[in-house]
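Numbering (my numbering), first residue to last: 485 to 1244.
Glycine is no exception: its CB is placed at the ideal position from the N, C-alpha and C atoms.
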Amino acid sequence: MIKYSLLLTAAGGWALMTAAVSQAQTASPPAAGAWPALVKPAPDAPSILLIMTDDVGFGASSTFGGPVSTPTFDALATEGLRYTQMTTTGICSPSRAALLTGRNHNSVNVGNVTDAASGFDGFTSDIPKSAATGARLLRDAGYATAMFGKGHITPSWETGPTGPFDRWPTGLGFGHFYGFLGGDTNQWAPALYSDNSPVEAPTDQPGYILDRDLADKAIAWINRADGANNGKPQFIYYAPGTAHAPHHAPPEWIAKFRGRFDRGWDAIRKETLAKQKALGIVPSSTKLAARPDAIPAWSSLTDQQKRVYAHEMEVYAAALAYADDQIGRVIEAMRRQANGNLIVVYVQGDNGGSAEAGIDGTANEHALFHGLNDSLGQIDARRSELGGPTTMNHYSSGWAFAMSTPFPWFKQLSSHFGATRNGVVISWPDHIRDRGGVRPQFHHIIDIMPTLLDVAHVSLPAQVDGVPQQPLDGVSMRYSFDNKSAPSRRNTQYYSIWDNMGIYHDGWFAASMPEIMPWTFGRDAAKPAHIDGRQWQLYNLGKDFSESTDVAARYPQKLAEMKALFEAEAGRYKALPVHRYEGMAGRPNYIAGQTHFLFNGPADRIPEDVAPPLATRSFALSADVRLAQGQGNGTLLALGGRFGGLSWYLKQGRPTFRYNMMGGAQTTVSTDTALPPGDHRLGVELTRRPGAEQGGATLTLLVDGKPAAHGEIPATVNLRFTLDESFDVGSDRGTPVAPDDYAAPNLFDGELRKLSIDVK
């Protein structure tokens, strides 16, 4: 060993060693088969861009006759094909899981949004290893793969800093991921991840907004990957999360739509249907589905209602139009990379328009889950803020209905096309000859991935990582590219979200009547599902494209056959029992039953799902800190943000606690005197009062073992604080819980030696 070291360090040592290696290589024959073979895709395999927007109904975009200008989508349709009878599942996570796996949502255990998973087989939210995604299959076939934007396919208990990461995007076949894991996020202060690690958005950039950031990151990855592997095809799944609430958009884009919706949703629906007929995407005989009683006529509204609701729609339109603009940038970058061989599948929405905010809409969607929505007057007073960083806004349910034209209902109500019919465009210029064509074949979201695998010449293997694979439930749509009149290869499809049941078969559709509206779901979800004796409707789609005429009374035998078929298909694909929200009982959780938590220093970006349960429990906090001269500012612990949360912090040396009741009532308790330099043990005791929901609590601050301040919190939350913000120790990431007292991240400037939590 000594001689070896001397040889390398002596003058000329490297030359001697190199010569010896060269002689050895010359004297020995090359090892046969020692190197692994490179996996290469088929020579004509195209690059693939799969796009899915969020909460965009069939009648929203200009491409499908709607009032929102989407020139990128329009241009793709001009050179490609519009699919007019494509359906999704009716809600976020199931549609995304079905899209990526090519299998029915219950088949891959995503029977509902991951936040509302239940313990029934088919509903647990854990995509099995027997259902490898298309991304995994394409990667194994030699594609470079990446995902940008919204996930919402990872079980909530697996979203923490230690994973496991098998069902994060990087564990599902994507070589790179940049985006967010939950159902939505704040466009101005998003909770982002790069691969498996949290990253802070560059919100200090002037005018930062997530939609532009996603496009920037996607373009950078496209160029970097192409430079490293010139000519290697790429598969990108681009899911911006727009136009799910919050509807955020640059102010100059909101201004573009000023006054465009003053005539109201009834007029917009009529105009949209007329445009749809002119475009040839609906039959000329199509009628508007009747407006439900839950949606008032525009003419019946007050001037204030019209003013507020019209502006809410302006903001939504701006968000969707801006996202479409940024998508255009990504398409151009991929076209340069693909050298003309690029297939783009643009799915406009994972479900229909969202009515979850009710008739007034909201300035803070997080408050809706607690029944704390602003009044119409309060929303009106903040009208100019909608779409900006101080709101988590959502439009009126009337617009959700209008954006789903010409169909009945909206998101969640998967029994009807207002929830499930979404516009899709496929563009592959050198291979689709019928440019600008319309395709009427009935298809489901599970058919898209088999189509992409087909054009990439990739087959489903018998096993992936030694695990036998479930068959694909979807079928390729490639047969329709050059044959407008080809019979549809999807003859049957079931639909089931919550207790909303539907079944399609050979041109007929049977649908259960909705019983719970999306805006009352938080209040009514725990009620038992009403299955037996439920009213059903029947539609003959060959004569009634829009589900406008119920013919159940005319064809009772047909309805009975369709209901029996639903039972059979739902049983086959693990969609039974039909049920509503089952609550959190029994859900896996790595900290279940734990009451003591210890942090030996700062920690941040821990999702509320896997954080100490402070929102709904009494608790005691203790922190050992050391302050030097001039120190005494920053956050010790925070959960949530501007739109609801709690924070324990020092301000000018004074220990302070803020309870932010979902962006409404603010309770601040602070000591009278500042802490001197040195070591201190600080504490908080929050004791919730038993009794009614959202009951109050008492709060005590302690300094060095002695009570230093007391306060009363008039009301507390009975659910989680946030959908997208985090639990932090030593900082307050995302938006600040107390924006009038400090700005994020409000790093603690002293030494946080230990922080403990005891929940009761």
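Rounded to the nearest whole angstrom, the CA to CA distance from Lys1011 to Trp893 is 21 Å.
DSSP places Arg1165 in the strand class (E or B) of the three-state scheme. By alpha-carbon distance to Lys740, the top candidate from His795, Ala723, Pro686 and Ser972 is His795.
Beta-carbon to beta-carbon, Met536 and Arg566 are separated by about 16 Å, too far to satisfy the 8 Å threshold.
CA-to-CA, the gap between Ala685 and Lys1244 works out to about 35 Å. Excluding residues up to 5 positions away in sequence, Asp750 and Arg775 lie with their Cβ nearer than 8 Å to the Cβ of Ala781 in the same chain.
Pairing Asp1088 with Arg1204 gives a Cβ-Cβ distance that is not under 7 Å. Here Lys1135 carries a strand assignment [DSSP, helix/strand/coil]. Beta-bridge pairing by DSSP links Asn857 to no other residue.
Separation of the CB atoms of Gly842 and Trp1003 is rounded to 3 Å, and the pair is thereby assigned contact status at 8 Å. Counting only the Cα atoms, Ser964 lies some 26 Å from Ala615. Where Leu565 is concerned, the enclosing beta strand (DSSP E) starts and stops at Leu565 to Tyr567.
By the criterion of a C-beta distance shorter than 7 Å, Ala582 is surrounded in its chain by Thr573, Asn588, His589, Ile929 and Ile930, once the five residues flanking it on both sides are discounted. Looking only at Arg1237, Leu1123 and Asp983, the smallest Cα-Cα distance to Ile1090 is reached by Leu1123.
Positions of the alpha helix (DSSP H) runs, each at least 4 residues long and wholly inside the segment 795-882, are given as 849-852 and 860-865 in order along the chain. As a beta-bridge residue in DSSP terms, Thr1184 pairs with Glu1169 and His1194. In the three-state reduction of the DSSP assignment, Glu1235 falls in the strand class.
With a 10 Å radius around the Cβ and a threshold of 16 neighbouring Cβ atoms, Gln977 comes out buried. Within the same chain, and ignoring the five residues on either side of Pro998 in sequence, the residues whose Cβ sits closer than 7 Å to its Cβ are Trp893, Leu897, Ser899 and Asn984.
Counting other Cβ atoms within 10 Å of its Cβ, Tyr1143 reaches 16 or more and is therefore classed as buried. For Arg1110, the pairing in a beta bridge is given by DSSP as Asp1163 and Glu1235. Taking C-beta atoms as the reference points, Val1201 and His1164 fail to come closer than 7 Å.
Between the C-alpha atoms of Arg1126 and Arg819 there is a straight-line separation of about 41 Å. Inter-residue distance for His989 and Asn975 is about 5 Å (C-alpha atoms, whole angstroms). For Ile752, the enclosing alpha helix (DSSP H) starts and ends at Gly748 to Leu763. If you draw a straight line from the Cα of Asp809 to the Cα of Ala1059, it is about 38 Å long. For Lys634, there is no enclosing alpha helix (DSSP H); the residue is part of the beta strand (DSSP E) that begins and ends at Ala628 to Lys634. Rounded to the nearest angstrom, the gap between the Cα atoms of Pro645 and Pro682 is 8 Å. In this structure, the beta-carbon distance from Phe901 to Ser972 does not fall below 7 Å.
Taken in chain order, the complete alpha helix (DSSP H) segments of 4 residues or longer contained in the segment 546-587 are 555-563 and 576-585.
In this structure, Gly633 sits away from Ala778, with a CB-CB distance that is not shorter than 7 Å. In the assembly as shown, Asn877 is a buried residue. Its beta-carbon has 16 or more other beta-carbons within 10 Å. Rounded to the nearest whole angstrom, the C-alpha separation of Ile981 and Arg1018 is 15 Å.
Taking each of Leu937, Ala559, Glu563 and Leu1098 in turn and checking the Cα distance to His1080, the smallest one comes out for Leu1098. Distance from Val829 to Ile932 at the Cβ level is roughly 6 Å; contact confirmed, criterion being Cβ atoms closer than 8 Å. The DSSP-derived three-state label of Trp782 is helix.
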